[in-house]
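Colleague:
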Amino acid sequence: MSKVPISKVTQSWHYIRDKCAHKFWDPESPPDLTVEEDITGQVVIVTGSNTGIGRETALQLAKRKAKVILACRNLEKAAEARDYIWSKFPKATLDIMHLDIGDLSSIRKFVSEFETKYAKLDILVNNAGVMFTDGKLHKTEDGFEVHMGTNHLGPFLLTRLLVPSLKKAGPGKVVCVSSSQLTLCRLDLDDLMMEKRVRTGSDGTEPYNVSKLADALCIRRLASSLKQNDNIHVFQLCPGFVTTDVFRSDVGLFGFVRKIMLRVSGVTPAYGCETVVFCCVNKSLTATEHNMFYGAGEMYRFCARYEEGTSFLDPEDPKAIQLYKMSEEFVGLAE
Ligand SMILES: NC(=O)c1ccc[n+]([C@@H]2O[C@H](COP(=O)([O-])OP(=O)(O)OC[C@H]3O[C@@H](n4cnc5c(N)ncnc54)[C@H](OP(=O)(O)O)[C@@H]3O)[C@@H](O)[C@H]2O)c1
Numbered sequence: 195m196s197k198v199p200i201s202k203v204t205q206s207w208h209y210i211r212d213k214c215a216h217k218f219w220d221p222e223s224p225p226d227l228t229v230e231e232d233i234t235g236q237v238v239i240v241t242g243s244n245t246g247i248g249r250e251t252a253l254q255l256a257k258r259k260a261k262v263i264l265a266c267r268n269l270e271k272a273a274e275a276r277d278y279i280w281s282k283f284p285k286a287t288l289d290i291m292h293l294d295i296g297d298l299s300s301i302r303k304f305v306s307e308f309e310t311k312y313a314k315l316d317i318l319v320n321n322a323g324v325m326f327t328d329g330k331l332h333k334t335e336d337g338f339e340v341h342m343g344t345n346h347l348g349p350f351l352l353t354r355l356l357v358p359s360l361k362k363a364g365p366g367k368v369v370c371v372s373s374s375q376l377t378l379c380r381l382d383l384d385d386l387m388m389e390k391r392v393r394t395g396s397d398g399t400e401p402y403n404v405s406k407l408a409d410a411l412c413i414r415r416l417a418s419s420l421k422q423n424d425n426i427h428v429f430q431l432c433p434g435f436v437t438t439d440v441f442r443s444d445v446g447l448f449g450f451v452r453k454i455m456l457r458v459s460g461v462t463p464a465y466g467c468e469t470v471v472f473c474c475v476n477k478s479l480t481a482t483e484h485n486m487f488y489g490a491g492e493m494y495r496f497c498a499r500y501e502e503g504t505s506f507l508d509p510e511d512p513k514a515i516q517l518y519k520m521s522e523e524f525v526g527l528a529e
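Heads up, the sequence shown is in my numbering, so the first residue is 195 and it goes up one at a time.
1) Check whether the Cβ atoms of L293 and T334 lie closer than 9 Å to each other.
2) Tell me whether N268 sits in a helix, a strand or coil according to DSSP, three-state version.
3) Please classify D439 as buried or exposed, where buried requires at least 16 other C-beta atoms within 10 Å of its C-beta.
4) Can you give the Cα-Cα distance for C214 and K311, rounded to whole angstroms?
5) Go to R495, then tell me how far its beta strand (DSSP E) extends in each direction, as first and last residue.
6) Smallest Cα separation from N321: which of I426, C412, K406?
7) Compute the Euclidean distance between the alpha carbons of Y465 and T344, then round it to the nearest angstrom.
8) Following a CB-centred definition, is P433 positioned closer than 8 Å to any heavy atom of ligand 1?
9) Quick check on the burial criterion: 16 or more other C-beta atoms within 10 angstroms. Buried or exposed for H484?
10) Quickly, what does DSSP pair A498 with across the bridge? List them, please.
11) With H346 as the anchor, note down where its beta strand (DSSP E) starts and where it stops.
12) Strictly by DSSP, which residues pair up with Q254?
13) Tell me which same chain residues have a C-beta within less than 8 Å of the C-beta of M486, skipping the five on either side of it?
14) From the DSSP output, in three-state form, read off Q236 for me.
15) Rounded to the nearest angstrom, what separates Q205 and A313 at their Cα positions?
16) Cα separation between V203 and M455?
17) Near F350, what residues of its chain come up, given a Cβ to Cβ distance below 7 Å and the 5 sequence neighbours on each side ignored?
18) Just checking P221 against ligand 1 - is the residue's beta carbon closer than 8 Å to any of the ligand's heavy atoms?
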């Protein structure tokens, strides 16, 4: 049976506990490189990398000499991000490719172009995401509720279509930027497109939370369905509370409160990308030590396992199984 959501107070307590236990990097002088995998020449896709956490992730991976593909829906903004990274690392290998993750046809086009250009994919970072807190029902090009379409169905299709390229990398990695907000909500399979549910919720984030839970469950299930010899490691993570444009639709009292909380406890994107980069490059996560297999879609936060988050992601939960099938049907992958 799926887990009962936890309260905002409990979630905040877990957050403060984990944040206090963690020492942040200095983005200008990253941690000991000996614990990192050498990713020189590796092919990496970062979705939504024109700003925020995605742009800083792309920068950190390019700095480590990976070939980074900036997969963005706005090519002008992507070019600005590329120039920003080049201004810091002039030798960075960067490629811009168009991808609207909220549009299934754009995703299929992106994957076919990618396959003609690149023989393999080492790391896929599913970062692009949206959050609307205005209580209105926004929809994607394909008619899906905007959070479900952008934060779940799009990344789900992209990941599934890129599995063959990831298999060729051996080991390939999928790193999904999720959110600890998924512990606050319940999945209603009869109302995935949020048409019946009151969308405002306590702070307007309910549709966002549901989409993050749906995505994390399906990614976990996908990870559990991959075979050992597919050699693909899958990680999910919460980046923490990061001052980015994701909160751009915030209005009213809750918007005001969130702005204050961001000021007090938020970190900049340069720090917010830390756990994303950790999942991409930390050697210990792909080492098979003491018969432990990491990279089966478990959750991380502040560069450590985030057990409470992972406990929400039972891949054998009947709801997860049904959701996975429904998601396949939505994106046109059902057999
Ligand atoms: N900030 C936080 O505190 C926080 C906490 C937990 C999780 N997250 C997650 O972190 C990820 C990155 O968010 P962020 O905080 O860095 O916010 P952000 O600055 O708003 O970045 C989001 C990125 O996603 C892109 N994007 C949105 N819709 C897209 C679409 N349909 N196709 C392609 N790209 C699209 C945006 O592109 P445009 O510029 O064109 O809109 C932007 O590049 C998201 O998945 C978010 O849910 C953030």
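For glycine and all other residues, C-beta sits at the position ideal for the given N, C-alpha and C. All values reported here derive from a predicted model rather than from experimental measurement.
Modeller: Well, looking at it:
1) Within the sequence shown, numbered from 1, the residue matching residue 293 stands at position 99. Within the sequence shown, numbered from 1, the residue matching residue 334 stands at position 140. No.
2) The sequence position of residue 268 within the sequence shown is 74, counting from 1. Note: N268 maps to coil in three-state DSSP.
3) Walking along the sequence shown from the start, residue 439 turns up at place 245. Looking at its Cβ environment, which holds fewer than 16 other Cβ atoms inside 10 Å, D439 is exposed.
4) In the sequence shown, residue 214 corresponds to position 20, counting from 1. In the sequence shown, residue 311 corresponds to position 117, counting from 1. In this structure, the CA atom of C214 is about 44 Å from the CA atom of K311.
5) As a working note, residue 495 is residue 301 in the sequence shown. Residues 490-495.
6) Reading the sequence shown from its first residue, position 127 is the one you call residue 321. The option with the nearest alpha carbon to N321 is K406.
7) Indexing the sequence shown from 1 puts residue 465 at position 271. Indexing the sequence shown from 1 puts residue 344 at position 150. So the alpha carbons of these two residues sit roughly 24 Å apart.
8) Translated into the one-based positions of the sequence shown, residue 433 becomes position 239. The answer is yes for P433.
9) Position 290 of the sequence shown holds residue 484. Annotation note: pLDDT 45 at H484 (below 50); position unreliable, coordinate value reported separately. Within 10 angstroms of the beta-carbon of H484 lie fewer than 16 other beta-carbons, which makes it exposed.
10) Residue 498 sits at position 304 when you count from the first residue of the sequence shown. A498 is bridged to R495.
11) Translated into positions along the sequence shown, residue 346 becomes position 152. That residue, H346, is in no beta strand (DSSP E); it is neither H nor E in DSSP.
12) Here residue 254 is taken as the residue at index 60 of the sequence shown, counted from 1. Bridge partners of Q254: none, in fact.
13) The sequence position of residue 486 within the sequence shown is 292, counting from 1. No answer about M486 holds up, because its pLDDT of 49 lies below 50 and its placement is not dependable.
14) Stepping through the sequence shown from its first residue, residue 236 is reached at position 42. Q236 falls in the coil class under three-state DSSP.
15) If you number the sequence shown from 1, residue 205 lands on position 11. If you number the sequence shown from 1, residue 313 lands on position 119. The alpha-carbon atoms of Q205 and A313 are separated by roughly 42 Å.
16) Here residue 203 refers to the residue found at position 9 when the sequence shown is read from its first residue. Here residue 455 refers to the residue found at position 261 when the sequence shown is read from its first residue. Each residue's alpha carbon lies about 14 Å from the other.
17) Locating residue 350 in the sequence shown gives position 156, counting from the first residue. D409, C412, S521, V525, listed in sequence order.
18) Taking the sequence shown and counting its residues from 1, one reaches residue 221 at position 27. Incorrect: P221 has no Cβ contact closer than 8 Å to ligand 1.
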